[in-house]
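Number of protein chains: 2
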Amino acid sequence: MIKVSVMYPNKPDARFDHDYYRDKHMPMVKSRMGDACLSYSVDKGLGGGAPGAPAPYVATCDIYCESVESFQAAFGPHMKEIMADVPNYTDLQPVMQISEVVVDRQ
Amino acid sequence: MIKVSVMYPNKPDARFDHDYYRDKHMPMVKSRMGDACLSYSVDKGLGGGAPGAPAPYVATCDIYCESVESFQAAFGPHMKEIMADVPNYTDLQPVMQISEVVVDRQ
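Chains as they are written, first to last, in numbering that gives the first Met the number 0: chain A, 0 to 105; chain B, 0 to 105.
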């Protein structure tokens with residue numbers, strides 16, 4: 000299994016509508032991807048490693064799929080619509096990472 | 000529920016022993032934290048967002064706890080031992096983030 004992480008780097012005065020992201024954007028992504036999205040998670044940054052340090056990312060999501068190929072096949076056709084929704088919740092440019100899930104919630 | 004993410008930034012020639020991390024380090028962390036660690040995940044970076052782009056992080060882990068306080072109470076007393084094990088699998092300096100789990104594998 001792989002996961003695709005989308006991470007929104009934190010910065011002062013960042014605009015990020017966590018409610019919209021949770022209630023509108025991510026359910027739309029799941030809906031468009033169908034069963035290829037096995038599951039997804041959404042996180043809200045609280046802090047960094049040192050006391051009082053800001054979170055490196057204001058928000059992240061993880062999309063779990065069987066393979067990179069199944070992600071691309073399900074996400075690609077809807078990418079334009081999904082990307083067009085981004086300004087509705089943020090003006091941040093996300094960082095993306097594709098990972099192999101080595102240990103899954105053990 | 001919160002999660003503590005430990006992310007090892009990728010760089011050329013980074014040393015990272017994924018087997019040691021999965022088989023020795025993270026089970027040790029779980030063992031020391033006991034039930035305060037509800038579960039944990041380990042991921043291996045495969046790539047970035049653009050085709051052929053390197054993964055931002057060579058490896059990451061997520062440690063799930065009920066609260067920041069329960070994490071600190073369980074991790075703090077063992078931090079010295081846990082940190083002393085890091086050179087056994089990498090010379091990278093990790094980035095840490097504490098997040099609120101907003102949507103959990105829906």
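Cβ coordinates follow ideal geometry from the N, Cα and C atoms, glycine included.
If you draw a straight line from the C-alpha of residue i to the C-alpha of residue j, how long is it?
| i | j | result |
| --- | --- | --- |
| PHE15 of chain A | ILE1 of chain B | 19 Å |
| TYR56 of chain B | PRO76 of chain B | 27 Å |
| MET32 of chain B | ASP84 of chain B | 15 Å |
| ASP42 of chain B | LYS43 of chain A | 19 Å |
| GLU68 of chain B | VAL3 of chain B | 12 Å |
| ASP90 of chain B | MET95 of chain A | 23 Å |
| ASP61 of chain A | SER30 of chain B | 26 Å |
| PRO93 of chain B | MET6 of chain B | 5 Å |
| CYS108 of chain A | PHE74 of chain A | In the structure as shown, chain A begins at 0 and stops at 105. Residue 108 of chain A is therefore absent and cannot be evaluated. |
| VAL102 of chain B | HIS17 of chain A | 11 Å |
| ASP34 of chain A | PRO26 of chain A | 13 Å |
| PRO108 of chain B | ALA13 of chain A | Because residue 108 of chain B is not part of the residues shown, which for chain B are 0 to 105, the question remains open. |
| PRO50 of chain A | ASP22 of chain B | 30 Å |
| ALA58 of chain B | VAL28 of chain B | 16 Å |
| PRO86 of chain B | HIS24 of chain B | 11 Å |
| ILE81 of chain A | ILE81 of chain B | 41 Å |
Using beta carbons (cut-off 7 Å, strictly below), is residue i in contact with chain B?
| i | result |
| --- | --- |
| GLU99 of chain A | yes |
| ASP103 of chain A | yes |
| VAL57 of chain A | no |
| VAL94 of chain A | yes |
| ARG14 of chain A | no |
| GLY75 of chain A | no |
| SER40 of chain A | yes |
| ALA35 of chain A | no |
Answer yes or no: does any C-beta atom of chain A fall closer than 7 Å to that of residue i?
| i | result |
| --- | --- |
| SER30 of chain B | no |
| LYS43 of chain B | yes |
| ALA54 of chain B | yes |
| GLY51 of chain B | no |
Report yes if the CB atom of residue i is closer than 7 Å to the CB atom of residue j, and no otherwise.
| i | j | result |
| --- | --- | --- |
| GLY47 of chain A | ALA54 of chain A | yes |
| TYR63 of chain B | TYR20 of chain B | no |
| LEU45 of chain A | SER40 of chain B | no |
| SER38 of chain A | ARG104 of chain B | yes |
Looking only at its own chain, which residues have a Cβ that is under 6 Å from the Cβ of residue i, when we skip the five neighbours before and after it?
| i | result |
| --- | --- |
| LYS79 of chain B | none |
| PHE70 of chain B | VAL3, CYS64 |
| LYS107 of chain B | Residue 107 of chain B lies beyond the stretch modelled for chain B, which goes from 0 to 105, so this question has no answer here. |
Which same chain residues, not among the five before or five after residue i, have their C-beta less than 8 Å away from its C-beta?
| i | result |
| --- | --- |
| VAL100 of chain A | MET0, ILE1, LYS2, TYR63 |
| ALA72 of chain A | ALA35 |
For residue i, which residues of its own chain have a beta-carbon under 7 Å away from its beta-carbon, when the five flanking residues on both sides are left out?
| i | result |
| --- | --- |
| ALA52 of chain A | GLY46 |
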